[in-house]
Amino acid sequence: MSFARHPVAALSLLLAGCATAAPSSPPFAEGGACLVGPAEPWVDRDAPITVVIDAIPATILFPTSIEPGANSPASFVARHTSETLVRVDCRGRVVQGLAMRWDPDSTKTRWFLRLRPGARFADGTRVSPKAVAELLADRWGDGALVPWADLRMARTSGDTGLVLVFDSPVDDLRILAAPSLALQGPPRGPGRTTPEVFYDSAGATLLPRSGPAVRIRFEGSDLRDAVDAGVDLIVSPDPAVVDYAESTGRYHTEPLPWQTIYLVVVPTGAWVSPAPALSGLGGRLIGGVRMSAREAQAPFWWMGQAQCPLPRPAAPSGLRPNGAVVYPGDDPSAKDIAERLVALVGTDQGWTAAMRARTSSPLEAMALDRGEYVRRIRAGRDAAYVVALPSTVLAPCLLLQSIHSLAPWLRSDGDGWAEAFPVVETRSYALLSSRVAGRVARDWGGALRLRLSER
Amino acid sequence: MRYGPRLLLTTGAAALVPLLLLGLGARAEVSRRLEANYQRRIQDGLNNVLGALRADAEDVASRLAGVRRIAEADNALRPALVAGPPEPRALIDYAGGAMRSAGLDLLELRDGEGRLLSSGQFRNQYGVRDSMLLPLLDSLGGPVVLLRTRLAGGGLTVVAGHETFSAAGRQYTLIGGRAIDPSALARLLPGEGAEVTIAVPGSERDSSPRAASITGVAKLPMIDAGDAARAAPAELRLSVSRAPLDDVLRGLDRWFLAALAVSAAAALLISAVVARRMSRPLRVLAAEAERVDLDRLHYDFGAGRRDEIGALGGMLEGMIRRLAASAERLTDAERRAAVGDLSRQLSHDIKNGLAPIRNILRHLDKVAKETPGRLSTAFAERRANLESSLAYLDDLARRYAARLPDLAGGRTDLRPLLEELAREHAGNGIEITLSLPPALPVAGDGVALRRIFENLLGNACDAMTAGPGGRVTLTGRLPSPAGPRQVRVEVMDEGPGMTERELQRAFSEAPSTKVGGSGLGLSIVRRLVLEGGGALRVETAPGSGTRVLVDLPLARDGEDS
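Protein chains in written order, with the working numbering: chain A, 1 to 455; chain B, 456 to 1016.
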C-alpha cells in the first residue's frame, strides 16, 4: 500500500471502527493523563455533553492515518470508540493501550506484548492475542503485516502474550499508536459494554455504558453560535471565537499545542534565490494569518534526519516557472500566507526583480483543490507552494519519505530541505464549559479525549 | 490567333469588364456606407459607456462619502488608527467589512504617506506603501478616474474615488471603487458582438483589438497601482464585430461572382456560337478555294448568301470566272502559237517536198523543149523520184493530220472505245480494271477521243512496266442531274507517280523522249480535251500513283454517233 492512499484508508478505517465495535476496556479511565482545565464539581452529570470541533484542515503531503494528533470530528469519535495497542501521551511517552507491557529482545526487532486483562470487544468477547494478530493480518493483507511500519509478523504467546516481529530494530513502539492501527472487533452484538455510536445528518452520538451521552456536531457555521448555545467542548483555531467565548465568562480557554507548521516551498530554479531572500519571511507573513499563529520556531521535526534514506531528487527542469503561489483552497491559513506573500513581493525590490526575471508571469496566489494541488507540487513548475505539515510527528523518517515521494524535486540536506522554508505555525484552542473542565485529557499532538468516568 | 478565341476574348472583355467595375464599385460603396453606420453606432455606444462610467463615479463618490462619515464616527476604528503599527487585526480587517457594507468592489484605507492600513479587496496587502498613489488621485481631473490595482490572484480595474478624513491629528484617505464590468458595458450597445476593453497603450497587458472588428476609442485617465502607482492614460475601446458587415459583403461577393460566372458563361457560349456560325462558311469557302482549278468553271462560294460571306463568295466566283477566261484566252493564244509553229514547219516540209518535184518539172520542161523525143524516157527516169516526193508529201500530210485531230463535233460512246483500249494494253503484268456505266455518250470525234485515252492509258501502262506491274483502273461516271453536264473518266495507275517538276515537263510542248511515244504527251492530250470543251486534271505524287481526271461534255440528244 502506498502512503498516498493512507488518508483514505484511515478515514474509512475510523468510520468503520465507529460503526462496529470497540475494546471493552474502559476508555475514559487511565492515569497520568494531561488534563485540560481545572476540574470543577461535576454538576448535571446526566445531561448530554455537546462537542463542536472546527478542525484545522488536515495536512496533505503525508498520511494522516499515521499521526494521531489531528483534532477532527471523525478522529474524535474514533478515538473514543476504538483503541490502539499503545498510545503516546502529551509528553511523548508511550503509554498503555490494549497492551499493558511491551519489552524488546536484544535486537529490538522482536517485541513481547502483554495485553491488558479484561479488555473486551463491543460484543463482550475478550480481546485475545490471537484476535489481535488476526485483525492486523486481515487489515494489511499480503507481504509484511504492516509494511509502512516494517512490522512483518504478529503471533500469540500464551493467553495474553503477543509477539511482534519487525524487519529492522525499533527503539519504541510509538508507531503502534497510529490511528490506522486502531483495532476494530467483531460486529456489534447484544453484549455491548462500551459506547455505541449513532450517526445522523448533523453528527454522531456516543452512548457509553454509563454516564452521559456525548453529542458531536460535525459541521458548524459560526462557532460563536455554539458559544451562545453553551456547547460543552469547542475546538477552534479562530481567535475571534476564543475572544468571544472568553467574553462570556462561561468558558475556560486552553491553547492546544502548535499543531500545523506552514512552509513556503520554492522549487529549484524558481523565482527567488531561496536562502537569503526568504530568511525571516515568517515574521513578515504572520500578521496576515487570521488563525491563532506564531512564526515558525526551530527545531523542527525533520531536522537531524540525515540517517533517513531518501531518494535522490529529480534533476531541475530548467523551465521558467509560472507566477503561481499555489495553496490548498480549503485551508484559510494557507490562503492568508500565500496572499500575504504575493502582497509583499511588490514591496521588496529584490523579490520583485527576481520574480520578473525568473517567472513567466506576474506572481499571484492560486487556490486549488487537493488533487490538483498535489499534482502541481509533484510537477514543481510553480513559483512557490504553501505547504502544511504537522508540527509533531511520530515517525519523522517515514513522513519524510512520504513527502519526497510526492515532491521528488525537493532537495534534502542534513537539516531539512534546501527549498522549503518554515514560516508560520498554527494551533487550536479548546474551549471548555465548567461541566467538562478538568475532564478532558490531551494526548500526543493535542488530541483531545473525554475522561468522564473519573468523577 | 484563330477567329474563335479572338471573338471569345473580345466578347468576354466587353461583357465582364463593365460588370467587374460595377461589382467592385458597388461593394466598395456598400462597405463604406456600412462602416460609416457602424462608426456612428460605436460613437453612440461610447457615449453611453462614458455616461455609465460617470454615473458609476458619482455612485462611488456618494458611497465613499458615507463610508467616510461612518469611519469618522467609528469609536472602534479610531483607537486602532491611533495605535498604528504593528497593525491591529481590527484595522487590517476594517476595510473588508466596510467595503462589503458600502457595496463597493475596492476600498483602501491609507495614511497620509500612502501606507496601506487596510484593504478590502486584498486583505493581506496591508502595510504596503505607495507614496505616489494619493498625489496622483488628487492631480487627475475629470469626472471619471480609473484605478487598476493588484489582487492576490490577478488584477482589478475600478472606477475610483477618494475621500480624506482626519483622526487623532493625522490624515487618512479612503479610496473606493466599483469594478468595471466590460460585459455589462458592452450591453449598453444595442445588438450583439460588442466588446468593451480598457487598455493601456504600449503596456505589456495591452491586447490588440480583435482583428475582425471595428473599434472606437475614448481616452480616460487611469492610475496603474501595481508595484508603484503611475499615471497610465487608458483607452476605452469599444469593438463591434465585423461579422455582420462581412456577412453582407460576403453575400454581395457571392452574388457578384455568380453574375460574373453567368456572364462569362454567356460570353463563352455566344462567342462560340457566333464564331462557329461565322467561321463555318469561311471554312467552306476555304475548302472550295483549295479545289480551284482553272479547268473547272463551276464553283460554289456561297454567293447566294445575303451577307459579307455571300459578297466575298461572289467576288471569288467572279475572280475565278475571270481567271478561267484569262486561261482560255491563254490557251487559245498557245494554240494559235502552236498552229503558227506548225504552219511554219508544214510550209518548210511542203517546200522540202515540192523542191524535187519542181526540179523534175523543170527538167521535163527542158526535155520537152529541147528533145521532145526523150520526154517519155526522161519522165520514166524521173518517175521514181517524182513518186518518192509525192509519197513524202502524202506521208507528210498524214503525219500532220495525225497531229491535228478534230475533237469537236460528233457523238461517241466511250464505253466500247475504252473496252477496246483496255484489251489492247492489258498484259505484261498489267491488269486493267474497268468500271463503266452501260453507255458513256460524249460530244467529240472518235479518232480524237481514241488518241486521248490511248495516250493516257499508254502512259499509265508505261509507268508500271518499269516496275513489277500493277493495276490500271478506268472509271467512267455520268453527270449527276444537278451537276454540270459532263462525263468524267478517271485513269488511275499504281505507278511511281510524278514530282511537280516531272508533271510540268509532262505538260510541256517539248517532244517526248519516251521510246515509241507520240512526241506530244500530255500537252496534246490536254489541248485535245480543251478543244473538245472538256477539262483535264492530274493528281499525282511520288510513290502514290497518278490519277488523271478527264471531264468531257455529255453528248446532247440527237447528236450523231
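In this text, a Cβ means the ideal position worked out from N, Cα and C, and glycines have one as well.
What separation, rounded to the nearest whole angstrom, lies between the Cα atoms of residue i and residue j?
i                      : j                     : result
residue 240 (chain A)  : residue 379 (chain A) : 38 Å
residue 736 (chain B)  : residue 998 (chain B) : 34 Å
residue 632 (chain B)  : residue 696 (chain B) : 30 Å
residue 464 (chain B)  : residue 767 (chain B) : 26 Å
residue 946 (chain B)  : residue 915 (chain B) : 8 Å
residue 24 (chain A)   : residue 309 (chain A) : Confidence is the limiting factor: at residue 24 (chain A) the pLDDT is only 33, short of 50, which leaves the residue's position unreliable, though a coordinate-based value still follows. When rounded, the distance between both Cα atoms is 40 Å.
residue 931 (chain B)  : residue 888 (chain B) : 11 Å
residue 604 (chain B)  : residue 653 (chain B) : 13 Å
residue 390 (chain A)  : residue 68 (chain A)  : 10 Å
residue 570 (chain B)  : residue 557 (chain B) : 22 Å
residue 505 (chain B)  : residue 553 (chain B) : 27 Å
residue 957 (chain B)  : residue 918 (chain B) : 13 Å
residue 81 (chain A)   : residue 58 (chain A)  : 21 Å
residue 804 (chain B)  : residue 924 (chain B) : 41 Å
residue 978 (chain B)  : residue 891 (chain B) : 26 Å
residue 949 (chain B)  : residue 739 (chain B) : 31 Å
residue 176 (chain A)  : residue 341 (chain A) : 39 Å
residue 944 (chain B)  : residue 726 (chain B) : 46 Å
residue 968 (chain B)  : residue 959 (chain B) : Note that residue 968 (chain B) scores 44 on pLDDT, short of 50, meaning its location in the model is unreliable; the coordinates nonetheless yield the value given after this. So the alpha carbons of these two residues sit roughly 15 Å apart.
residue 383 (chain A)  : residue 324 (chain A) : 5 Å
residue 678 (chain B)  : residue 178 (chain A) : 57 Å
residue 899 (chain B)  : residue 776 (chain B) : 25 Å
residue 673 (chain B)  : residue 288 (chain A) : 40 Å
residue 820 (chain B)  : residue 814 (chain B) : 10 Å
residue 656 (chain B)  : residue 560 (chain B) : 25 Å
residue 1012 (chain B) : residue 897 (chain B) : 10 Å
residue 79 (chain A)   : residue 681 (chain B) : 51 Å
residue 996 (chain B)  : residue 475 (chain B) : 57 Å
residue 835 (chain B)  : residue 895 (chain B) : 55 Å
residue 555 (chain B)  : residue 307 (chain A) : 54 Å
residue 411 (chain A)  : residue 183 (chain A) : 37 Å
Indicate whether residue i and residue j have their beta-carbon atoms separated by less than 7 Å.
i                      : j                      : result
residue 339 (chain A)  : residue 550 (chain B)  : no
residue 303 (chain A)  : residue 237 (chain A)  : no
residue 109 (chain A)  : residue 169 (chain A)  : yes
residue 431 (chain A)  : residue 244 (chain A)  : no
residue 507 (chain B)  : residue 643 (chain B)  : yes
residue 1001 (chain B) : residue 938 (chain B)  : no
residue 136 (chain A)  : residue 115 (chain A)  : no
residue 911 (chain B)  : residue 1003 (chain B) : yes
residue 427 (chain A)  : residue 259 (chain A)  : yes
Taking residue i and residue j to be in contact with their CB atoms under 8 Å, please state how far apart those CB atoms are, rounded to whole angstroms.
i                     : j                     : result
residue 217 (chain A) : residue 51 (chain A)  : 7 Å
residue 628 (chain B) : residue 602 (chain B) : Actually they do not touch by this definition, with Cβ atoms about 13 Å apart.
residue 227 (chain A) : residue 248 (chain A) : 6 Å
residue 38 (chain A)  : residue 371 (chain A) : Not a contact, Cβ separation roughly 45 Å.
residue 837 (chain B) : residue 818 (chain B) : 6 Å
residue 613 (chain B) : residue 512 (chain B) : That pair is no contact at about 10 Å.
residue 423 (chain A) : residue 263 (chain A) : 7 Å
Discussion item. Does the contact criterion of 3 or more C-beta pairs under 8 Å hold for the region 386–400 of chain A versus the region 439–453 of chain A?
Written reply: yes
Practice prompt. Note down, one range per segment and in chain order, each beta strand (DSSP E) of at least 3 residues found wholly within the region 891–952 of chain B.
Written response: 896–898, 925–932, 941–948
Practice prompt. Could you name each continuous beta strand (DSSP E) segment of 3 residues or more that falls completely within the region 684–736 of chain B, going from the start of the chain to the end?
Written response: 684–686, 689–696
Worksheet item: Hey, which unbroken runs of the alpha helix (DSSP H) at 4 residues or more fall wholly within the region 545–595 of chain B?
Response: 549–557, 588–594
Worksheet item: Would you call the region 203–216 of chain A and the region 101–115 of chain A touching, i.e. three or more CB-CB distances under 8 Å?
Response: As far as the Cβ criterion goes, the region 203–216 of chain A does not touch the region 101–115 of chain A, which means the pair count is below three.
Discussion item. Would the region 693–709 of chain B count as touching the region 480–487 of chain B if we require 3 or more Cβ pairs under 8 Å?
Written reply: yes
Discussion item. Give the list of continuous alpha helix (DSSP H) stretches no shorter than 4 residues that lie fully inside the region 823–868 of chain B.
Written reply: 830–858
Worksheet item: Within the chosen definition, does the region 834–853 of chain B reach the region 807–817 of chain B through at least 3 CB pairs nearer than 8 Å?
Response: yes
Practice prompt. Please list the residues of the region 380–394 of chain A that have a C-beta atom closer than 7 Å to any C-beta atom in chain D, keeping them in chain order.
Written response: Considering every chain present, this structure includes no chain D. Its protein chains are A and B.
Worksheet item: Counting Cβ pairs, one atom from each stretch, are 3 or more of them under 8 Å apart for the region 574–588 of chain B and the region 516–530 of chain B?
Response: no
Worksheet item: What residue ranges within the region 367–421 of chain A form continuous beta strand (DSSP E) runs of no fewer than 3 residues, ordered along the chain?
Response: If we require 3 residues or more, the beta strand (DSSP E) runs fully inside the region 367–421 of chain A come out as 384–390.
Worksheet item: Can you find at least 3 beta carbon pairs, one from the region 129–136 of chain A and one from the region 148–165 of chain A, that sit closer than 8 Å?
Response: Yes, the region 129–136 of chain A is in contact with the region 148–165 of chain A.
Discussion item. So within the region 52–88 of chain A, which uninterrupted alpha helix (DSSP H) runs reach at least 4 residues, ignoring any that extend past its ends?
Written reply: The region 52–88 of chain A contains these whole alpha helix (DSSP H) runs: 73–81.
Worksheet item: Touching or not, the region 614–629 of chain B and the region 561–568 of chain B, by the rule of three or more beta carbon pairs under 8 Å?
Response: yes
Discussion item. Using 8 Å as the cut-off, can you tell me whether the region 864–878 of chain B makes contact with the region 899–910 of chain B, which would need three or more C-beta pairs spanning the two stretches below that distance?
Written reply: Verdict: yes, contact present.
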